[in-house]
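One structure is given below, encoded as structure tokens.
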């Protein structure tokens, strides 16, 4: 049976439903024995469905904010390219473009909760293709994040009682601003916690004062129905709430009631 690297060339076509019969049988046999590739195909199919559902928006113009950023980038002095060796990555070019295009579509569709939830669902699937190794120190990560991004961040550590293991943190893109993405394993499954340094309805170019975001009430850490919104996008559940001028989101494949418990833990340690 072909290994993951050998089967990689056929995965994109298979996910799109365009593979030849011989390749399809070979891929299906490999997927039965390989959970990692099976999970990847599921994510790629979700991204393909996203593109098909948003094909009309793809024909539109880029958002004005994006056009301004592109214009500013063109006007900036060009930097000399630095050659670098690129390691082999087990994602086909077609699959990578599907993910990138899907993210671009979502980033350009406005500022609603539904739109924001959709782009985080895609980002969650993309980032967990290659998650961090799990050697995460909360204090060090918080200091590194503040130094690199200019605003403080409280990170919920691993908690055995909750079945929660912190893997690491990344900075992900969004038209609403830079998003802190904390990656966890929860009961062995991927779970993401996103922190946006503004409210969803705020101007994406105006974020609250970095110090002021930490100076707010700590009395209520319970996730009530009236102050959070549950959303389901592309097979994952999300809980979204706003606090202290920031937007918090938890993303995982789990029933909404089960996510509430994790949300309480995260809310208690990140607010």
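Residue numbers (the numbering used here): 915 to 1185.
A virtual CB, placed ideally from N, CA and C, is assigned to each residue, including glycine.
Predicted model only: the values in this text are computed from it and were never measured.
Suppose the cutoff is 8 Å on Cβ atoms and the five residues either side in sequence are ignored; what does the same chain contact list for residue i look like?
i	result
residue 1180	1070, 1107, 1162, 1164
residue 950	918
Can you give the beta carbon distance from residue i to residue j, rounded, assuming they're within the 8 Å contact cut?
i	j	result
residue 1111	residue 1085	Incorrect: roughly 11 Å between the Cβ atoms, too far for contact.
residue 1090	residue 1156	At roughly 12 Å, the Cβ-Cβ gap does not stay under 8 Å, so residue 1090 and residue 1156 are not in contact.
residue 929	residue 959	5 Å
residue 1262	residue 1166	Past the boundaries of the shown model lies residue 1262; the chain is included only from 915 to 1185, so the question cannot be answered.
residue 954	residue 925	7 Å
residue 1151	residue 1168	6 Å
residue 1027	residue 1154	6 Å
residue 1109	residue 1160	6 Å
Please return the same chain residues whose Cβ sits closer than 7 Å to the Cβ of residue i, not counting the five positions on each side in sequence.
i	result
residue 1072	1078, 1079, 1080
residue 1059	1067, 1083, 1094
residue 1236	Here the chain has residues from 915 to 1185 only, and residue 1236 is not among them.
residue 1063	1085, 1092
residue 1050	1080, 1081, 1082
residue 938	928
residue 1046	1081, 1082, 1097
Identify the residues that DSSP records as bridge partners of residue i: which are they?
i	result
residue 1106	1097, 1165
residue 1073	1078
Which class does residue i belong to by DSSP, given the choice of helix, strand or coil?
i	result
residue 1056	helix
residue 931	coil
residue 1154	strand
residue 1083	strand
residue 1067	coil
residue 923	helix
residue 1160	strand
residue 987	helix
residue 937	helix
residue 1112	coil
residue 954	helix
residue 948	coil
residue 1022	Low per-residue confidence applies at residue 1022: pLDDT is 49, beneath 50, and the placement is therefore not dependable, though the value from the model is reported in the following sentence. Three-state result, residue 1022: coil.
Only counting the same chain, and skipping five residues up and downstream in sequence, which positions put a Cβ closer than 6 Å to that of residue i?
i	result
residue 1083	1055, 1096
residue 952	945
residue 1005	Note that residue 1005 scores a pLDDT of 48, beneath 50, so its modelled location is shaky; the value from the coordinates is reported in the next line. Contacts found: none.
residue 1042	1104
residue 1099	1079
residue 1126	Here residue 1126 scores only 33 on pLDDT, less than 50, and its place in the model should not be relied on; the value that follows carries that caveat. For residue 1126, where only same-chain residues beyond five positions count, there are no Cβ hits under 6 Å.
Item to complete: Examine the Cβ distances between the stretch 930-946 and the stretch 1029-1046 and report whether three or more of them are shorter than 8 Å.
Response: no
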